[in-house]
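Numbering (the numbering used here), first residue to last: 1295 to 1450.
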């Protein structure tokens, strides 16, 4: 919720999360938490508290003259299907960007896509890369969804 405010509260909240995490012995990545906190700014004007659509929907606002003396209902701005889809797409894009920029311990996730680490084991077992590629691809997709959903939750 704090990430949707325009006063910099997201950065301060991320800083406090890092301090609280360190007191509890957690190893948190401060730049990633700040990026996740500020990731909410991408969609904050797409939501119901957006100042532009609220002003356009308010009777007697300064925008009425430029809108031909009418108001624009929120159902045509904030709650339109186009805006909802755009907000969902932007949330997914931010989550993927956070996923791709997240610090890694080695490169285990992408190794599931090209499992060259398993060549020696395959030779010992008498298997080929084709025998395990389907399984490692499923692990790649499943673990990617778990990590991406976790980053989405952190960024909210």
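The beta carbon of each residue, even a glycine, is placed where N, CA and C say it ideally should be.
Residue of the options minimising C-alpha distance to residue i
{"i": "residue 1371", "options": "1359, 1341, 1362, 1327", "result": "1341"}
{"i": "residue 1377", "options": "1333, 1337, 1386", "result": "1337"}
{"i": "residue 1390", "options": "1324, 1329, 1315", "result": "1329"}
{"i": "residue 1443", "options": "1394, 1420, 1345, 1375", "result": "1394"}
{"i": "residue 1354", "options": "1417, 1324, 1364", "result": "1364"}
{"i": "residue 1381", "options": "1333, 1439, 1360", "result": "1333"}
{"i": "residue 1449", "options": "1323, 1440, 1392", "result": "1392"}
Same chain only: Cβ atoms within 7 Å of residue i, ignoring 5 sequence neighbours per side
{"i": "residue 1327", "result": "1308, 1311, 1312"}
{"i": "residue 1367", "result": "1351"}
{"i": "residue 1414", "result": "none"}
{"i": "residue 1357", "result": "1349, 1350"}
{"i": "residue 1314", "result": "none"}
Delimiting residues of the alpha helix (DSSP H) encompassing residue i
{"i": "residue 1324", "result": "1324-1332"}
{"i": "residue 1347", "result": "1345-1351"}
{"i": "residue 1437", "result": "1423-1449"}
{"i": "residue 1415", "result": "1413-1419"}
Sequence-distant residues of its chain with Cβ nearer than 6 Å to residue i (five each side left out)
{"i": "residue 1306", "result": "none"}
Close-in-space but distant-in-sequence residues of the same chain around residue i (CB under 8 Å, 5 per side omitted)
{"i": "residue 1447", "result": "none"}
{"i": "residue 1347", "result": "1366, 1368, 1371, 1372"}
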